[in-house]
Every structure is written in C-alpha cells, then in structure tokens.
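Colleague: Before I ask anything, let me first share the structure, which is written out below as structure tokens.
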Amino acid sequence: MNLEEINITQGTPEWHAARAGWVTCSELSSLMAKGDGKMRTKYMRQLAAEVLIGRSASSFKGNIYTEMGKDTEPVARELLALEVGRPIIETGIIRNHDIGLSCSPDGLLGADEIAEFKCCIPTVQIERLEKGTLPAEYVLQVQRSLLVTGRTACWFQSYSPDLPRLVIRVEPDLAKHDEIREGVRIFREELADLVSTIRGKY
C-alpha cells in the first residue's frame, strides 16, 4: 500500500494547502451524493480550480460546530485514550496514492487502528445515546478513513461535556470499500478530463 503521511496541524493554512487538488474523505459524501449531482459537480469544479491554481479553493472557514470541536477535542482524546489503554497520536494528512484519496483521522492508535471524535451539542448527544449506534452521517467517513489507512478498526467517539460518551469500535466494511474505490476512480477520471479540457481550450 502506497501511503504518505504528512505531519502538519489540521486546520492550518499548510494543512489546507496540502489537501488542495486531492479527493478528501471529508468531501467524499459530495462525490458519492445521489440525486441531481449538484454537490458532486460543485466539488469537481473546486478540485479542478485547485489543480489549475495550485492552492486551496475551498470557501469553508469553519462554523460554531467546528470551533466547538477544537475546544473539546483534547478532552475527548484523553478520555478515549484512558478507556482503550493506548495513546492516541495526532496526525495531519494520510494520502493513499493507490486509490487517489486522502484523509485526516483525529488520531492513530499504534500501527493498526484510528480514532474519530465528534463533539456535539447536548440534544444531539442524547439522540446518539438513545440510538446507541454509529450515526448514519458518519458511516461513510469512518469507512473511507479505514480504506485509506488500511487499518483494522476505528474507535468512534461522540462527546458532549457532562453527558455520557458514545464509543463504538468499527471494523472495515469491504463491500463499502469497493463502492468507494469505484466512485473515486470514476470521479478522478472525470476530473482529469475537465482539467485537460480547460487547459486545452484556454
């Protein structure tokens, strides 16, 4: 497996620059979106721009939820590390050159597992605790990170201060991995065609 780990702090200008032009796990839902394809087209145009200008073209600057995650993630990391009895090492970006996909896990556990933390408001945490399962909106993210890294499991933790934590150990779904590989392959081919067309025309 042809992996490249880039150890830079997530969310920094350097991190955004390193992601430019790469299909990332955080945007894979746009790539694989069903329906009229508007999200997919918008994401492809963003990546085409990044390839052509050589820097990030994302307009997302964060919101109240990403800021909350920055504030509470260190506590969530420490609590999960205590529970699993292993240190959770921060990482920047992991690129899988075989697939053409990159991810930024919230942490690495040894050489075989990863961690993802989702810090949320109390009402959302209550809903997650009530269901007791991996939230549907994160199934694809967890599986794509497992695919990119080739690791055997992901520790998913949903955390909201003063409430119980939801901790789930998720293993690879090979059928989902095949679906992701094919989706990324087709997307990258179309992206290359778009970039080539623009370069040739202008």
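With full-length UniProt numbering applied, the sequence shown corresponds to residues 1 to 202, in that order. Beta carbons: idealized from backbone N, C-alpha and C, even for Gly.
Could you tell me the boundaries of the alpha helix (DSSP H) in which A48 lies?
Modeller: Its alpha helix (DSSP H) spans residues 38 to 53.
Colleague: Could you tell me the alpha carbon to alpha carbon distance between E4 and N96, rounded to whole angstroms?
Modeller: Approximately 7 angstroms, taken between the alpha carbons.
Colleague: Looking at E113 and T152, is the spacing between their C-beta atoms short of 8 angstroms?
Modeller: Closer than 8 angstroms, so yes.
Colleague: Ends of the alpha helix (DSSP H) at I186?
Modeller: Residues 174 to 201.
Colleague: So A76 and Q157 are supposed to be a Cβ contact under 8 angstroms. How far apart are they, rounded?
Modeller: Correct: roughly 6 angstroms between the Cβ atoms.
Colleague: Return yes when the Cβ of P172 is within less than 8 angstroms of the Cβ of L129, no when it is not.
Modeller: No.
Colleague: Using DSSP with H/G/I as helix, E/B as strand and the rest coil, what is E5?
Modeller: Reduced to three states, the DSSP call for E5 is strand.
Colleague: Could you check where the alpha helix (DSSP H) with W15 kicks off and where it finishes?
Modeller: Counting along the chain, the alpha helix (DSSP H) containing W15 begins and ends at 13 to 19.
Colleague: Could you tell me whether the Cβ of E14 comes closer than 8 angstroms to any Cβ of chain D?
Modeller: The question asks about chain D, but that chain is absent: this structure has only one protein chain.
Colleague: Quick one: give me the first and last residue of the alpha helix (DSSP H) that R144 is part of.
Modeller: That run of the alpha helix (DSSP H) goes 136 to 149.
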